[in-house]
Structures are given as structure tokens and as C-alpha cells.
Amino acid sequence: GKTTQQFYFNLTSIPNEEFITSAELRIYRDQVMGSASPNESSISDSTAASGFHRINIYEIFGVPATQGEEPLLRLLDTRMVQDSLSRWESFDVSPAVSHWTSGNGHNHGFLVEVIHPEEGEMDS
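Here the sequence shown is numbered in the working numbering, starting from 249 and rising by one per residue.
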């Protein structure tokens, strides 16, 4: 399965004459508890028990015309992450932010999509 969440950042305080050289979206993710005990002492056992999931970051180009339709998206960054680690993940969103602040595009925000393991380890 997958989980999605939209994020919007108000960038109107950035002056038009400013040129954005880089921008990142940082997301903190918690460890996913699998079928193995979280107090597993063996590194090899806990590594084997833990899986991976993918995080995709999209720029939203436009909102759908009718309810229930998918928004227009452009993939900005993607990463496979290990379930057994809690940590910050940093994603490059420079193309979208540069586009928005230059006045060449409308800021409809980002869509963060998490693709969960197919084994059903995560129910939510």
C-alpha cells in the first residue's frame, strides 16, 4: 500500500530578485517495528527482519478539476529507506522552489508518497 500527504509552504516572503540556489525538504521518520522484537540483540537478525520502503517527493503542478481525480505531479526526488532506522531524510526540491520563486510557476506544494512493503508489515 501507500500513504500520501500534501505540504504547502508559503514562499511569498522571498523577494522576487532573490535567486534560489538550493532547497531541501527534510522529513523525520520513525523506526517501523516489524515482526521481530525491537530489543533484538543480533544485528544480522534485526537486519534480516527489517525491510525497506520508498519515499517519493513530487511537485504538485495543479489541482484536479473534479473531486477524486489525481493532481498533476512531477517527481523531484525518491529514496529507498530502511524501516529499522529512525532518522532525518533530506530531499532535493530545488527545481520546484526555483520555479515558484522565479514567478514562472504556481506553488501548489509538494506531495510526499510512502510506498509500504507488500508483505503487509505496515497496516496503517
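Cβ atoms here follow ideal geometry from the backbone N, Cα and C, with glycine treated the same way.
Looking only at its chain, what residues have a beta carbon closer than 8 Å to the beta carbon of W348, apart from the 5 residues adjacent to it on each side? Same-chain partners within the cutoff: L259, H354, N355.
Residues bridged to F267 (per DSSP): BP columns for F267 are empty, so no partner.
Can the beta-carbon of L321 be found closer than 8 Å to that of E337? E337 is positioned such that its CB atom lies no closer than 8 Å to that of L321.
Taking Cβ positions, are V201 and R277 nearer each other than 8 Å? Since the displayed the chain opens at 249 and closes at 372, residue 201 lies outside it and no answer follows.
Check whether the Cβ atoms of I305 and L324 sit closer than 8 Å, and answer yes or no. A contact, by the Cβ cut-off of 8 Å.
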